[in-house]
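In the working numbering, the protein residues as written are 8 to 422.
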Amino acid sequence: MRLSSDSQNTIKKILDDTTSNPSTGIPGLVFTAVDKTGTHLISHASGNLGLSTPTPMTLSTTFWIASCTKLLVAIACMQLVEASKISLDSSSELYDFVPELKEKEVLNENGDGLVERKGDITLRMLLNHTAGFGYSFMNPRLAKWGRPAGFDEWNGDAREIMRMPLVNQPGSAWEYGVNIDWAGIAVERISKMSLNDYILKNICEPLGLKNINMFPTEEMKKDMASMNQVWSEGKAEERDHIYRLPLVAQTDEDKKRIFNSGGAGGYARPTEYAQVLATMLNDGVSPTTNKRILKKETLDEMFKNQIEQFPNFARQGGAPAPKSDLANSLPEMYPQAGNPPQGWGLSWFITIAPGDTGRGANTAWWAGLANLFWWCDREKGVAGIIASQMLPFGDLNVVGAWFGAEKAVYDGLEN
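Structural data, given as structure tokens:
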């Protein structure tokens, strides 16, 4: 598979126009697309490392990938399911490893008290976000409950995640939240390894990836993108990192004290992350190392819609975000003409109907808080990621660049 030179030039222009326009506030972007052979159809770095860091962004630039980490943890969980270490649907097995879940209560409708949990939690529920957990930057009730101290999901302390109540009864609703952080805790306790070490050994090593890590190596830090912020009044500036502890950890003891966040703890080069996507396109076998990390049947299950009862789960937005510095208010997560049913797999968004960009049916995609977006289209055999380090989430300029670049990929595919 190849990409036409016209499409390559179109993608480069989309990125360059976005990063060179001061009104966007976006200093730099990296985009890469791959096919099932692991071939990079296009890889382009545009702009600079930060609004106050005029060093050019490169294909070696490291990004905090935030919730793009969830894909790696989902793979880890399903590896353990394949090995019969845990079942997707046994709450008792999950409680054996994570007994704290059995004690969870549910935040009431007013956000000022807790009520008894009425159902059990399973690993499948954690992976498909129906277990009942939320995020304080998205759920006003949870934000209210945490005050005056508040919740900080990126403070590097597992106790922060563990003190958060459920916001829904298990199985009663889809809600995005710290579910995958809990799944990561399960991986650690089942494997008797840190989550980072597990991912490095069982995903990165078989795929030959050296620059995906929860604790960026010195090599990764040499080309690290800075965090940037667009404030409510429109001013854009470089800012301190919101997930900083892994960046300043020096010793093994430092690292042992920091929570390995399955929901948001990863750093990566987008070109290497894309090789994980290529492996998914290739039914669980790395096209570059020929090592298998998942069975095809397992990936088939992961790409299956797990929440058919909630076809409009991603169309419930529009209310003001509780923490507007972290996320914009979005009426819909992924608008599609005609509002067809949408789904969630294990663990990613599924656009069941073909997309306007040219993506095929049952394409997986998800995102990271600092405006990173990936997609994986098994039907048409192409995947990709666009990466920025821009807050708040839902930046329309990055989203526009992503949609434009993705469409150009499909427009220019040549077999």
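No residue lacks a Cβ here, since even glycine has one placed at the ideal position from N, Cα and C.
The structure presented is a predicted model; accordingly, all values stated were derived computationally and were not measured.
*Tell me Ala138's beta-bridge partners as DSSP assigns them.*
DSSP, once it has assigned bridges, lists no residue as partnering Ala138.
_From Ala190, Asn117, Leu214 and Met234, residue whose alpha carbon lies closest to that of Met169_ = Ala190
*In angstroms, rounded to a whole number, what distance separates the CA positions of Ser233 and Ser99?*
43 Å
_Cβ-based burial, Lys327 [other Cβ within 10 Å; buried from 16]_ = It is worth fixing the name first, because residue 327 is Pro in this sequence and not Lys. Exposed is the call here.
*Can you tell me which of Ala408, Ala415, Tyr417 and Asn422 puts its alpha carbon nearest to the alpha carbon of Gly35?*
Ala408
*Which whole-angstrom value is the C-beta distance of Lys19 and Gly270, which I expect to be below 8 Å?*
Not confirmed; about 33 Å, so no contact.
*Candidates Phe266, Met397, Ser53 and Gly325: closest to Arg166 by CA position*: Phe266
_Starting from Met287, trace the alpha helix (DSSP H) in both directions and tell me its first and last residue._
Pro277 to Leu288
*Check each candidate in Ile300, Thr296 and Cys75 and name the one with the smallest Cα separation from Asp290.*
Ile300
*Put Ala326 into one of helix, strand or coil per three-state DSSP.*
coil
*How would you write the range of the alpha helix (DSSP H) that Ser198 sits in, first residue to last?*
Asn186 to Ser198
*Validate contact between the region 377–387 and the region 216–229 using beta carbons, cut 8 Å, 3 pairs*: no
_Gln176 vs Gly241 beta-carbon contact at 7 Å_ = no
*Figure out for me which residue from Gln282, Trp355 and Asn335 has the closest Cα to the Cα of Thr296.*
Shortest Cα-Cα distance from Thr296 to any of Gln282, Trp355 and Asn335 involves Gln282.
*Looking at C-alpha atoms only, which residue of Phe158, Leu202, Ser53 and Leu133 is the closest neighbour of Ser179?*
Leu133
*asked:* Looking at the secondary structure, which residues open and close the alpha helix (DSSP H) in which Met169 lies?
replied: Taken as a continuous stretch (DSSP letters only), the alpha helix (DSSP H) holding Met169 covers Ala165 to Met169.
*May I ask you to list the residues that DSSP assigns as paired with Gln236?*
Glu244 and Leu398
*Can you give me the Cβ contacts of Val292 inside the same chain, cut-off strictly under 6 Å, excluding the 5 residues immediately before and after it?*
Arg299
*Nearest to Ser67 by alpha carbon, out of Ser53, Ala285, Leu48 and Ala73?*
Ser53
*So, Glu279 versus Leu216, is the Cβ gap smaller than 7 Å?*
yes
*Comparing alpha-carbon positions, which option in Leu420, Ile249, Ser27 and Glu226 lies nearest Leu398?*
The residue among Leu420, Ile249, Ser27 and Glu226 with its C-alpha nearest the C-alpha of Leu398 is Ile249.
*Quick one: residues in its chain with C-beta nearer than 8 Å to the C-beta of Ala321, no 5 flanking neighbours on either side, listed in chain order?*
Glu339, Met340, Tyr341, Gln349 and Phe356
*Taking just the CA atoms, how far does Pro106 sit from Ile393?*
38 Å
*How many whole angstroms separate the CB atoms of Ala81 and Ser354, which I take to be in contact at a CB cut-off of 8 Å?*
4 Å
*Helix, strand or coil: how does DSSP classify Glu89 here?*
helix
*So what's Asn404 in DSSP terms, helix, strand or just coil?*
helix
*Sort Thr358, Asp363 and Gly365 by Cα distance to Trp372 and report the nearest one.*
Thr358
*Count the other C-beta atoms from every protein chain shown that fall within 10 angstroms of the C-beta of Arg154, then say buried if there are 16 or more, exposed otherwise.*
Note on Arg154: under 16 other CB atoms within 10 angstroms of its CB, so exposed under the neighbour-count rule.
*So, Cys211 versus Leu284, is the Cβ gap smaller than 7 Å?*
Taking a C-beta distance under 7 Å as the contact criterion, Cys211 and Leu284 do not qualify as a contact pair.
*Who are the near neighbours of Gly184 in its chain, counting only those whose CB is closer than 6 Å to its CB and skipping five residues on each side?*
Phe140, Gly141 and Tyr142
*Going by DSSP, name the residue or residues bridged to Ser336.*
For Ser336, which the question treats as bridged, DSSP gives no partner whatsoever.
*With 16 other Cβ atoms within 10 Å as the buried cut-off, status of Gly419*: buried
*What's the call for Glu110, buried or exposed, on a 16-neighbour Cβ count within 10 Å?*
By the C-beta density criterion, Glu110 is exposed, having fewer than 16 other C-beta atoms within 10 angstroms.
_Closer than 8 Å is the cut-off here; do at least three beta carbon pairs connect the region 44–61 with the region 20–34?_
Enough Cβ pairs lie closer than 8 Å, so yes.
*Expressed to the nearest angstrom, what Euclidean distance is found between the alpha-carbon atoms of Val194 and Asp96?*
Val194 and Asp96: Cα-Cα distance of roughly 15 Å.
_I'd like to check one pair, Lys43 with Leu288: are the Cβ atoms closer than 7 Å?_
Yes, the pair counts as a contact, with Cβ atoms nearer than the cut-off.
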